[in-house]
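Residue numbers (the working numbering): 70 to 283. Cβ coordinates follow ideal geometry from the N, Cα and C atoms, glycine included.
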């Protein structure tokens, strides 16, 4: 990994956050699409929302606003937390906002909701796996991060902590606050919170071993 960044430098990594390089754009776009599908699968599984959705639900209940407004408000606050870490927007930030939301909606609209517990659990496990791998791959493009991923990277840069630890702390904290505010949670919420950081870290290790730039 790069000495300064927790994100490894790959063969497809951009030189700057607005570089219009075909292979980089293709990889980040595909991974965003898969992350959106994963979000949709978690919703369809109906075994608990992601920690940040739980937080959004709780805040919406307390403030009497819609969950969409709550999500936007939380994203704005998280972006403000980028300031002390001197993080910058990039093309990946915009793609994160646009593509994930679009393909989450499309997945929920066109894929049938599973009826059996086995299929619901399968949706959940596949979704979390895709989400973790996809997050690592899109970050490795170095075109900028989404609000939450950017916060994770900023903390890692500042304190030198491992991504697995930082992401777990962030997700568990969001989950805990969301529950205290009245958000609903389930097994998906807990499993996502404790595993997503480790999936990102493991995927980075795999990418470094086989695809690192020379």
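Identity of the residue in the options nearest residue i by Cα
i, options, result
"residue 234", "228, 249 and 266", "266"
"residue 197", "123, 102, 258 and 124", "258"
"residue 171", "101, 78 and 162", "101"
"residue 94", "207, 111 and 276", "207"
"residue 199", "261, 83 and 107", "107"
"residue 193", "161, 280, 262 and 147", "262"
"residue 142", "156, 191, 113 and 121", "121"
"residue 153", "227, 85 and 88", "227"
"residue 103", "178, 201, 216 and 114", "201"
"residue 156", "221, 264, 176 and 112", "221"
"residue 158", "86, 250 and 186", "86"
"residue 176", "112, 271 and 160", "112"
"residue 90", "282, 160 and 183", "160"
"residue 244", "182, 119, 219 and 185", "119"
"residue 96", "146, 134 and 168", "168"
"residue 218", "166, 278 and 134", "166"
Close Cβ partners of residue i (< 7 Å) along its chain, the five nearest in sequence each way excluded
i, result
"residue 72", "Its pLDDT being 48, under 50, residue 72 is placed unreliably by the model, and nothing is read from it."
"residue 181", "none"
Assumed close pair residue i, residue j - CB separation to whole angstroms, cut-off 8 Å
i, j, result
"residue 247", "residue 127", "4 Å"
"residue 123", "residue 204", "In fact, because the Cβ distance is near 18 Å, the residues do not count as touching under 8 Å."
"residue 164", "residue 98", "6 Å"
"residue 250", "residue 130", "6 Å"
"residue 230", "residue 239", "11 Å between Cβ atoms; not a contact."
Own chain residues within Cβ distance below 8 Å of residue i, not counting five before or after
i, result
"residue 195", "107 and 110"
"residue 186", "none"
"residue 282", "78, 79, 80 and 82"
"residue 264", "197 and 201"
"residue 183", "113, 114, 189, 191 and 192"
Close Cβ partners of residue i (< 6 Å) along its chain, the five nearest in sequence each way excluded
i, result
"residue 70", "At residue 70, the pLDDT of 43 sits below 50, so the modelled position is not reliable and the matter cannot be decided from this model."
"residue 211", "82 and 83"
"residue 139", "125, 128 and 129"
"residue 241", "262"
Under 7 Å between C-beta atoms of residue i and residue j
i, j, result
"residue 105", "residue 173", "yes"
"residue 136", "residue 125", "yes"
"residue 117", "residue 256", "yes"
"residue 75", "residue 148", "no"
"residue 114", "residue 189", "yes"
"residue 80", "residue 273", "no"
"residue 276", "residue 209", "yes"
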